[in-house]
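All remarks here apply to the structure that follows.
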Amino acid sequence: MTDNRKINIALSIILAIILWAYVISEANPTTTKMFKDVTITYVNTEIMDENGYAILSSEFETVNVTVRGKRSLISDINVEDILVTADMMDVAKGENEIRLSVVLPDNIMLDSINKKNLEVSIEQKATKEFRSQIKFINLSSAQEEPIVIEQAKQEFIVSGAETLVDSVNHTQIMVDANDINDEMRTLKVTAVPVDKNGIEIMNLAVEDAETTVTVVNCKTKTVKLNVNVENEEDDKYQRTYTSPKTITIKGYDEYLSDIKVVETEVIDISSVTESQKISVVPILPSNVYVADVSKGLKLDVLAEEYLSKEFSLTEKNIKIRNLANGLTSEIKPGNFQINLVATGDIISGLVASDIVLSIDVEDLSVGSYYLELIPSTEKEIYKIKVIPNKISVELSDKNNI
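Numbering follows numbering that gives the first Met the number 0, with no gaps: position 159 of the sequence shown is 158.
Below, the structure written as structure tokens:
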């Protein structure tokens with residue numbers, strides 16, 4: 000082989016290497032890509048749990064991560080390949096600032112993260128058992144609604160930050176009506192902790208949250224509801240209330256057909272001293288249930304405290320009623336104390352002129368009488384008392400005066 004040929008071969012190899020490097024760098028360049036809303040994973044939570052702590056709240060739940068690497072590698076990864084962690088090993092009660100860590104696939108580098116630290120509020124851990132309530136969703140017919148034949152588990156243990164556990168009203172099981180028909184079916188469901196408005200409370204754990212319910216579609220019927228209330232009024236409070244007039248019930252036709260009215264358990268409102276809503280408990284026969292639309296019926300009680308007020312009147316304020324023709328009257332002079340009891344809005348506007356004192360002399364002839372004073376007013380008074388409540392009256396013949 001000649002020297003020139005050897006040189007040409009060497010130059011060709013060198014040129015090929017240069018071209019290969021160029022192609023590689025240009026065809027598969029280093030690039031960056033942002034992955035939005037990468038969920039933060041808490042690690043070493045079991046140690047936090049052993050220390051009796053739980054997460055009350057965190058500043059945010061996701062971050063944006065920008066990575067750097069060869070285009071061919073970047074194109075093969077997705078958000079699930081990126082792990083952002085917050086280490087809970089050394090947290091203490093109160094506010095904690097935790098450095099976030101990012102774990103990436105091989106040959107991928109972290110370019111940036113929009114938030115490097117996470118503020119987490121830690122509280123004492125609490126555990127409590129709650130009953131469950133089933134809520135049906137996607138109900139399509141007002142004439143049909145599912146009923147629960149069997150529920151494998153009724154109560155669930157909820158744990159987490161004390162404040163969050165205290166705000167739990169019950170655990171809720173959502174059942175999709177689209178999964179139910181006229182034949183009994185057993186469905187897998189999950190219980191979640193909710194507040195009094197049925198809103199899920201996050202950052203809480205439910206022990207063995209998955210369970211099963213056996214359900215079937217049945218008919219509904221709306222009937223009259225008779226809410227039984229007692230002890231509406233006493234000497235200290237005026238209590239008025241509004242109650243639901245109807246209730247929708249559900250069950251098989253043979254159980255619903257004869258029901259025209261539903262009674263409730265007696266609601267004693269004697270202890271109500273401020274306005275509130277009280278749960279109504281219907282009394283239903285076996286195999287009849289309250290439909291979803293009528294769950295949570297309430298008696299709305301308005302309680303107003305009675306206040307008192309006093310006025311002083313004289314005999315000049317007394318009216319004589321039914322005085323016979325030809326007679327005249329003379330009332331013995333005196334002072335009278337009027338004690339009134341009414342709700343605050345009435346009492347505040349009362350004046351002495353709102354009170355009328357009278358005596359009735361119907362069918363009485365000439366003579367001296369000791370008659371009862373009759374107080375009256377157009378105002379809504381609970382109680383009115385006159386002291387003294389009788390007065391001396393002299394009836395005379397006009398012709399003898």
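Every residue gets a Cβ at the ideal spot worked out from N, C-alpha and C, and that includes glycine. As the structure is a computational prediction, the values presented were derived from the model and not from experiment.
| Check | Outcome |
| --- | --- |
| Measure from the alpha carbon of Q150 to the alpha carbon of each residue in R98, E144, D165, S131, then state which is nearest. | S131 |
| Quick one: grab the DSSP three-state call for G411. | There is simply no residue 411 to check, as the chain begins at 0 and stops at 400 in what is shown. |
| Thinking C-alpha only, which one of E377, I317, V365 is nearest G333? | I317 |
| Run the CB neighbour count on Y236, radius 10 Å, all protein chains shown included, and call it buried at 16 or more, exposed below. | buried |
| Can you check the segment 217 to 266 for any beta strand (DSSP E) of at least 3 residues that lies completely inside it and give the ranges in chain order? | 236 to 241, 245 to 250, 260 to 262 |
| Taking 7 Å as the line, does the beta carbon of V214 fall inside it for any heavy atom of the ligand PLP? | The ligand PLP is absent from the structure shown, which contains no ligands of any kind. |
| Contact criterion: CB-CB distance below 8 Å. Does R4 meet it with respect to chain D? | This model lacks chain D altogether; it includes just one protein chain. |
| Does DSSP put E128 in a helix, in a strand, or in coil? | strand |
| What separation, rounded to the nearest whole angstrom, lies between the Cα atoms of V214 and V157? | 25 Å |
| Comparing alpha-carbon positions, which option in S120, Y305, I179 lies nearest N137? | I179 |
| Quick one: grab the DSSP three-state call for L372. | coil |
| Can you tell me the Cα-Cα spacing of L117 and L72, whole angstroms? | 29 Å |
| Secondary structure at T162, three-state DSSP: helix, strand or coil? | helix |
| Using 8 Å as the threshold, is the C-beta distance between S367 and S391 below it? | yes |
| Need the endpoints of the alpha helix (DSSP H) that M47 sits in, please. | 44 to 49 |
| Where do the N-terminal and C-terminal ends of the beta strand (DSSP E) with L283 fall, by residue? | Element bounds for L283: n/a, residue is neither H nor E. |
| Below 8 Å, how does it come out for the segment 217 to 230 and the segment 250 to 263: are there three or more Cβ pairs, yes or no? | yes |
| Can you list the alpha helix (DSSP H) stretches of 4 or more residues lying completely in the segment 82 to 112, in chain order? | none |
| Considering only DSSP beta bridges, list what G68 is partnered with. | T30 |
| Is the segment 354 to 368 close to the segment 318 to 326, with three or more CB pairs under 8 Å? | yes |
| How many Å lie between D175 and Y251 at the Cα? | 20 Å |
| Going by DSSP, what residues sit across from P192 in a beta bridge? | T170 |
| In three-state DSSP terms, what is V403? | Not covered by the structure: residue 403. The range shown for the chain is 0 to 400. |
| How big is the Cα-Cα spacing for E303 and N168? | 29 Å |
| Below 7 Å CB to CB, which residues in the same chain sit around V280 once its five sequence neighbours on both sides are set aside? | T263, E264 |
| Using the Cα positions of D80 and E96, report the straight-line distance between them to the nearest angstrom. | 25 Å |
| So, at 6 Å on beta carbons, what are the nonlocal neighbours of T241 in its own chain, with the 5 sequence-adjacent residues on each side left out? | D299 |
| Is it buried or exposed for A160, if we count other Cβ within 10 angstroms and need 16 for buried? | buried |
| Could you say which of K134, L55, P374, S364 lies nearest to K397 if we only look at CA atoms? | S364 |
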